[in-house]
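See structure below.
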Amino acid sequence: MTDSNSQDGGFGFATRAIHVGQDPEPITGAVTVPVFQTSTFAQEAVGKHSGYEYARTGNPTRTALETALASMEGAAFGVAFASGLAAEDTILRQLSPGDHIVLGNDAYGGTFRLISKVFGAAGITHSAHDFSNLSDLADNWPANTKIVWAETPTNPLLSIVDIEALAEVTHANGAKLVIDNTFATPYLQQPLSLGADAVVHSTTKYLGGHSDVVGGFVATNDGDLDQHLRFLQNAVGAVPGPWDCYLTLRGAKTLAVRMDRHNTNAAAVVDLLNSHAAVSSVLYPGLESHPNHDIAARQMSGFGGMVSFRAAGGRDAAMRIIEKAKLFTLAESLGAVESLIEHPGVMTHASAAGSALEVPDDLVRLSVGIEDAADILADLEQALA
Ligand code: P1T
């Protein structure tokens with residue numbers, strides 16, 4: 580059902596986002612995949628059914644979403660979950676006590692909390708590494724590592740990881756590489772084609788794109804992993820409801836046009852911040868001064884809508900800027916049409932305080948939306964003044 584490759588028809592990304600897995604509904608001809616708001620499906624005879632039995636196990640709206648998103652990631656298989664963290668949890672359930680997770684030294688605070696607190700309590704260890712120095716990681720490879728987990732660009736420091744090189748080190752040591760592609764989206768970066776074993780998304784962000792739904796997704800070309808994830812999706816049950824699948828699919832259809840606009844608006848924001856006295860540094864992979872700009876330019880087709888910066892006046896100045904912003908809404912989350920601003924140290928990354936993943940307290944994170952660039956820039960100007 581989710582083998583999308585056979586349905587790609589050689590189409591381009593935007594076409595696949597709109598059509599793959601989304602044929603008109605066969606009974607009525609409805610052009611949009613309906614919300615199959617049902618918990619169960621009538622069977623013709625015992626064990627004789629349409630392919631759907633019970634909605635935790637499978638639902639046609641969810642199948643459409645899984646098929647479309649898998650196609651967008653260039654994946655053979657895709658499995659949807661109730662949230663990004665539910666997707667992450669399901670991937671990590673492959674591990675057993677004594678196994679080790681190698682994690683980047685910058686990642687979403689909730690991912691760190693899941694790995695350190697939940698899986699840590701179950702006897703699964705982790706260590707945080709600077710993935711910009713892969714020879715150091717290779718020389719000090721932690722015993723029993725089964726999974727290497729990386730975001731790129733990272734949340735919130737916008738660091739870049741060389742996916743191809745990290746896949747090589749990971750596979751040489753017999754582990755699997757998981758890339759969280761939430762910030763880049765499959766429109767800008769396709770980690771499976773660079774050697775990753777699985778891609779995870781918080782579809783709450785760019786894929787959904789409208790701040791109206793929470794969801795998660797895993798894409799892979801590994802049939803065994805797909806089978807295991809599907810088993811757990813049903814056995815554990817962290818599934819998205821049909822309405823959430825519908826909203827996510829509706830959002831995903833316009834990912835390509837939205838990302839083009841996120842890219843250009845973010846570039847304009849970076850120009851403004853880069854020359855502003857209230858800003859001590861700008862963190863954006865599109866900047867030539869970014870330490871891994873060349874890697875980003877090679878593995879991404881655009882640099883995305885996330886921009887972080889450090890306030891020249893320290894923590895208090897960062898707080899003042901955040902409070903003065905008006906068009907930028909003060910809120911957690913990212914990747915939607917409206918611009919958002921937040922303080923990672925106190926908000927999204929509070930759970931990383933005191934760890935190797937702690938973020939600077941003068942850091943401000945922007946999710947640059949797709950409003951008119953002039954309005955976005957005017958709001959930032961007045962907030963920085
Ligand atoms: O929120 P949820 O859908 O469960 O996804 C978790 C998640 C996973 N990976 C990345 C890179 C993320 O950024 C997130 C969620 N992040 C935020 C809510 C945030 O504001 O950073």
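In this text, residue positions in the sequence shown follow our numbering: the first is 580, and each later residue adds one.
Ideal placement from N, C-alpha and C gives every residue a C-beta, glycine not left out.
Because the structure is a prediction, the values reported are computed rather than measured.
Can you name the residues that DSSP bridges to residue i?
i, result
"Y633", "T619"
"A798", "G657 and V778"
"A609", "DSSP lists no partner for A609."
"I920", "L909 and L945"
"T704", "H679"
"S860", "R889"
"K627", "A624"
Is DSSP giving residue i helix, strand or coil here?
i, result
"W822", "helix"
"R848", "In the sequence on display, residue 848 carries Val and not Arg. Reduced to three states, the DSSP call for V848 is helix."
"L945", "strand"
"G683", "strand"
"F888", "strand"
"K784", "coil"
"A814", "helix"
"T594", "helix"
"S914", "Inspection of the sequence shows that residue 914 is occupied by Gly rather than by Ser. In this structure, G914 counts as coil in the three-state DSSP scheme."
"H807", "helix"
"T833", "coil"
"R641", "helix"
"A932", "coil"
"A964", "coil"
"V697", "helix"
"E937", "coil"
"F691", "helix"
"G663", "helix"
"H841", "helix"
"L866", "coil"
"E902", "helix"
"R672", "coil"
"H571", "Because the chain here runs from 580 to 964, residue 571 falls outside it and cannot be looked at."
"Q601", "coil"
"H789", "coil"
"T827", "helix"
"P927", "Here the sequence assigns Thr to residue 927, which means Pro is not the residue at that position. If DSSP states are grouped into helix, strand and coil, T927 belongs with coil."
"D587", "coil"
"M651", "helix"
"D873", "helix"
Considering Cα atoms alone, identify which of the options is closest to residue i.
i, options, result
"F762", "T731, G753, H705 and A754", "T731"
"S860", "R635, G892, L909 and V778", "G892"
"D559", "F907, L786 and H922", "Only positions 580 to 964 of the chain appear in this structure, which leaves residue 559 out of reach."
"L648", "V793, H598 and L808", "H598"
"S946", "I758, Y785, G591 and D685", "Y785"
"A707", "A701, A700, H679 and V697", "H679"
"A847", "Y631, S790 and A952", "A952"
"V658", "D801, E960, E645 and T619", "E645"
"H928", "L808, L919, R944 and E652", "R944"
"G830", "T594, N842, A814 and T782", "T782"
"K725", "H750, V858 and E917", "H750"
"S738", "L713, S772, D685 and A744", "D685"
"F698", "D873, S714, G677 and A729", "G677"
"Q616", "A935, R894, V858 and G820", "G820"
"V925", "L909, S918, V849 and H807", "L909"
"L716", "T733, L745, L773 and W822", "L745"
"T733", "L862, T636, R894 and A957", "L862"
"E652", "V757, F691, P770 and A609", "P770"
"N638", "G788, A700, F660 and K627", "F660"
"R635", "V818, A621 and V727", "V818"
"A856", "N800, E867, R894 and E960", "E960"
"N712", "V740, P735, P721 and N723", "V740"
"I758", "G933, A904 and A666", "A666"
"G787", "L826, T594 and D709", "L826"
"T764", "K832, S714 and P870", "K832"
"K905", "E911, A915, I920 and R894", "I920"
"S934", "V886, K696, W822 and L767", "K696"
"T690", "W728, K755, N842 and H922", "W728"
For my contact list, residue i and residue j are in at a C-beta cut-off of 8 Å; report their separation, rounded to the angstrom.
i, j, result
"L664", "G795", "7 Å"
"F656", "A798", "7 Å"
"I703", "V779", "So it is not a contact: roughly 17 Å between Cβ atoms."
"F592", "A890", "With a Cβ gap of about 37 Å, F592 and A890 do not count as contacting."
"N853", "G884", "Contact flag wrong, Cβ pair sits at about 16 Å."
"L931", "G688", "According to the sequence shown, residue 931 is Ala rather than Leu. Right, the Cβ-Cβ distance comes to about 5 Å (below 8 Å), so this counts as a contact."
"Q589", "T642", "Correcting the residue type first, residue 589 is Gly in the shown sequence and not Gln. 22 Å between Cβ atoms; not a contact."
"Q622", "H807", "The pair is not a contact, with the Cβ atoms about 27 Å apart (cut-off 8 Å)."
"T640", "V614", "6 Å"
Any beta carbon from chain B within less than 8 Å of residue i's own beta carbon?
i, result
"R899", "The structure shown contains no chain B; it holds only a single protein chain."
TODO: Could you tell me which uninterrupted beta strand (DSSP E) segments, each at least 3 residues in length, are contained entirely in the segment 710-781, listed from first to last along the chain?
DONE: 724-730, 755-759 and 777-781
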